[in-house]
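Okay, so here's the structure we're looking at.
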Amino acid sequence: MQASFKPLALAAALACAVPCALAQSAADDEAIDLQEVRIYATSEKDIGFAPKETETAGKMPMRMVETPMSISVVTREEMESRQTGNLQEALETVAGVSPVNYGRRGFDDLFIRGFDSGESTIIDGLAQSGNSSIGLRLQSYGYERFEVLKGASSLLYGRVQPGGMVNAISKRPKRDALGEVHLEAGSFGNRVAAFDINRPLSASGKTALRINALAGNKKDPTDHVWRRDRWFAPALSLDFGTNTDFVLFATYNSGNWIRQQGLPPEGTVLPNRNGPLRHSLFTGDPGFGSYDLAQYTLGYNLQHRFANDFTLRQNLRYEKESGTGRFISLQTLRADQRTQTRRGTHQQMDDHQIALDTSMLMPFEGTGMKHQVVAGLDMRQGTSSRAQHRCTVRPIDLYAPVYYQPYTCPDKWDSDAPTRLRTAAIYMQDQIKFGQGWTALAGLRYEKSRQRQDDHVKNTSATQHDSDVTGMAGIVYEFTPGWSVYASYSQSFLPQMGQDYHGNAFKPETGTQWEAGTKYARDGWTASAAVFDLRKRNIAAADPINDGYKVLVGEQRARGLELEAAAELKNGLKFTGAYAYTKTEVTQSTNAREIGQPLNYTPRHALTVWSNWRLPQMPALTLGAGVRYVGKQHGNSAFYLPAYTVVDASVSYTHTNWRLTAGVKNLFNRSYYAGAVRTGVVSPGMPRNFNVTLKYFF
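The sequence shown maps to residues -23 to -1, 1 to 675 in mature numbering (1 follows the signal peptide of the UniProt record, and there is no 0).
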């Protein structure tokens, strides 16, 4: 372990040496005054690296130090500083989040505290449709910030994985005019053009229109892999009086890409008699086809404040996503260790959903206590369909590939079983402040769901009804202003379709978590430390007696320590850092060999640091540097992914109404493997790549 941290220590020194030296120089010279440099953001909560408030933890504005759970916020300023282009890149600095476990296959894949949370990403507090784990990735340009709520969190958000969830906060109209044009160019053919314009339409600014849009094209270090993205998101706020906020919004998001297929373990993380494989090798076939998906949403956000300070909130979103996807997966590597058998898959996706969340925020005082009660009704209804068939594809010679090979696909779908979902839930949460610095947070949720699956291939139907009560309780003691300790217990649940050999419907997966920690937020600093013990139960495992069936006996556990810190110092230094120690294991399974094994694709150790330094002598110039360390990961029973360290850097120059940023990721061109898919296919990490961004503000 000590040896594996040597490159980490070196990289950390490189990341911090220049900023720290300059910081000391500025601190020693009190005569230096930093000139004002405009920060273009749309909300105070989106400026800086050290936000002190959250909206996700309690469905209401809350101070971080008063929340008895771990929550991390990635602001718009931090995203622009690190030149992030998607959700995975934005979450690289969050402790406990592993955003590249499945490589670069084109989706928002991420793990939180050891568990796959790709389907636990919500937008503005509302869940996405059923195929969100294989749907279009979020364009980070269209969002103000990302808030990561870690641990079991079904109380306010329902059907989520126990590891945690991500809430993406969209850009919305503002009272003041703003505008920017964003141009970007970089390695591997990266080209992006975008704009973000907000204009008040009334004297008060209450009626306003905001439009942000993006068009991007890029290739990949892997041969024949490319991607094209389009994004358009108008939002209109209407003036219904001083006590009412109402916003209409719509989005169009489309993506067309060829998946990065990955490489077999032999020749990458395992020996191959023919030598190592090229990282640029494409194991699919460019003639087989690509993904082509489009998503449309339409909805509104409503808030109305009553005379007694009660606030009614209602959020509604209709969502439709459809398209096709084609990819080639790797099957068996033959005895010569160069002939790789493959299988093609053709998918057709069609999802639509309407989600509605109505809640009342009710502050009141009594018996020496201050209450903030949130009570609401959460409803979803929709259909998720993914039909697919398997295609016959010729093997590929990994060391002398020949592309555009013929293939055959059946006329009929191998699987076609759309699922209709209808769910309704009521929830109540109370934040209670009492005594000197004490805050309690507790609540309950009752959810009832109905799922109907119509198998068009087998001509069968199945209907499943699930209901559950989940809750959370936590206590916070702020023993000095801005510094607190806390402890909490929380639950999660996630219904699953299926039945055992005896015809009994599967119960929902459930999660429980105990957590304790401390938080600090003063004088430009925020910091947190948390320990947790998380268990996931009712996992379907192979039936050891009846072949082809499953039983609910599985249990998985994750325990760990997470540290986060961020600062905005007067000398112009800003930084964010995170460390996570995560120990995972299978605790119950029908396969005795799995018990005690770590969960796949979760490193035991992970550390990230990113810092920005605005030079005192040249305040228009900002230097940035960072390091990302990911420890050894369990790939499957046959291999591990080695630990790796990469260093990033940037330089930015800001003028009156424009800013130019040049950045490089993986500065020393470290060769590494970022992740692997469930079948054990290994995905190479990104080599050194450059990016230049020009922003013009008006």
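Note that CB positions come from ideal geometry on N, CA and C, so glycine has one too.
Nearest-angstrom beta carbon gap, residue j and residue i [assumed within contact, 8 Å]
i	j	result
Asp200	Leu258	7 Å
Leu338	Gly300	About 38 Å separates the two Cβ atoms, so there is no contact after all.
Gln291	Thr335	5 Å
Leu471	Gly448	Not a contact, Cβ separation roughly 16 Å.
Thr184	Ser147	Actually they are not in contact, since the Cβ atoms of Thr184 and Ser147 sit about 18 Å apart, beyond 8 Å.
Leu240	Val658	7 Å
Arg282	Thr288	5 Å
Phe92	Pro139	6 Å
Gly156	Asp173	7 Å
Ser164	Asn666	4 Å
Lys410	Lys484	37 Å between Cβ atoms; not a contact.
Gly35	Thr52	Gly35 to Thr52, Cβ: 19 Å. No contact.
Val246	Phe616	5 Å
Gly459	Ala498	5 Å
Tyr463	Ala493	7 Å
Residue i - partner residues in DSSP beta bridges
i	result
Tyr618	Residue 618 is actually Leu in this sequence, not Tyr. Per DSSP, Gln610.
Tyr649	Tyr649 is not bridged to any residue.
Ala296	Here the sequence assigns Glu to residue 296, which means Ala is not the residue at that position. Glu296 pairs with Thr274, Gln330.
Tyr454	Trp415, Val462
His323	Arg303, His366
Glu492	Ser465, Phe509
Met39	Thr31
Arg282	Thr288
Leu600	Trp590, Val628
residue 711	The question about residue 711 has no answer here: the residues shown for the chain are numbered -23 through 675.
Gln349	Pro340, Gln408
Asn666	Lys642
Ser231	Arg207, Ala271
Arg636	Thr631, Lys672
Gly420	Gln406, Met449
Gln358	Ile331, Arg399
Glu605	Here residue 605 is Arg; the residue named in the question, Glu, does not match the sequence. Paired residues: Thr585, Val623.
Short Cβ contact (9 Å threshold) for residue i with residue j
i	j	result
Gln132	Gln428	Just to set this straight, residue 132 is Leu in the shown sequence, not Gln. Cβ atoms of Leu132 and Gln428: not closer than 9 Å.
Gly601	Asn589	yes
Asn278	Asp222	yes
Ala402	Met356	yes
Ser322	Pro372	The residue asked about is misnamed: residue 322 is Thr in this sequence, not Ser. No, the pair does not count as a contact, with Cβ atoms beyond the cut-off.
Ser426	Leu398	yes
Ala535	Thr579	yes
Ile100	Ala171	no
Arg636	Ser629	yes
Ala450	Ser465	yes
Glu54	Arg605	no
Lys195	Arg168	yes
Thr396	Gln408	no
Gly501	Ala27	yes
Pro387	Arg367	yes
Val143	Leu87	yes
Gly62	Tyr118	yes
Val158	Phe675	yes
Pro177	Ala154	yes
Leu64	Leu115	yes
Ala653	Met663	no
Val351	Tyr404	yes
Ser106	Gly359	yes
Contact with chain C by residue i, beta-carbon distance below 9 Å
i	result
Ile522	The displayed structure is made up of one protein chain only, and chain C is not part of it.
- Message: Suppose only complete runs of 3+ residues qualify. What are the beta strand (DSSP E) ranges in the segment 44 to 78, listed by chain order?
- Response: As far as the segment 44 to 78 is concerned, its whole beta strand (DSSP E) runs of at least 3 residues are 48 to 52.
- Message: Assess contact between the segment 509 to 521 and the segment 548 to 557, defined as three or more Cβ pairs (one per stretch) separated by less than 8 Å. Is contact present?
- Response: Cβ pair count under 8 Å is below three, so no.
- Can you list the alpha helix (DSSP H) stretches of 4 or more residues lying completely in the segment 74 to 161, in chain order? 131 to 134
- Segment contact, 8 Å Cβ cut-off, at least three pairs: the segment 233 to 242 with the segment 303 to 317: Taking 8 Å as the limit for Cβ pairs, the verdict is that the segment 303 to 317 does touch the segment 233 to 242.
- Three or more beta-carbon pairs under 8 Å between the segment 442 to 460 and the segment 63 to 76, yes or no? no
- Item | Segment contact, 8 Å Cβ cut-off, at least three pairs: the segment 507 to 519 with the segment 560 to 573 | The segment 507 to 519 is in contact with the segment 560 to 573.
- Item | At least 3 beta-carbon pairs within less than 8 Å: the segment 428 to 441 vs the segment 375 to 386 | no
- For the segment 37 to 55 against the segment 116 to 130, are there 3 or more C-beta pairs whose distance is under 8 Å? yes
- Task: Can you check the segment 164 to 205 for any beta strand (DSSP E) of at least 3 residues that lies completely inside it and give the ranges in chain order?
- Result: 167 to 177, 185 to 196
- Are the segment 32 to 45 and the segment 493 to 508 touching by the rule of at least three beta carbon pairs closer than 8 Å? yes
- Query: Hey, which unbroken runs of the beta strand (DSSP E) at 3 residues or more fall wholly within the segment 531 to 584?
  - Reply: 550 to 565
- Query: Within the chosen definition, does the segment 668 to 675 reach the segment 634 to 648 through at least 3 CB pairs nearer than 8 Å?
  - Reply: yes
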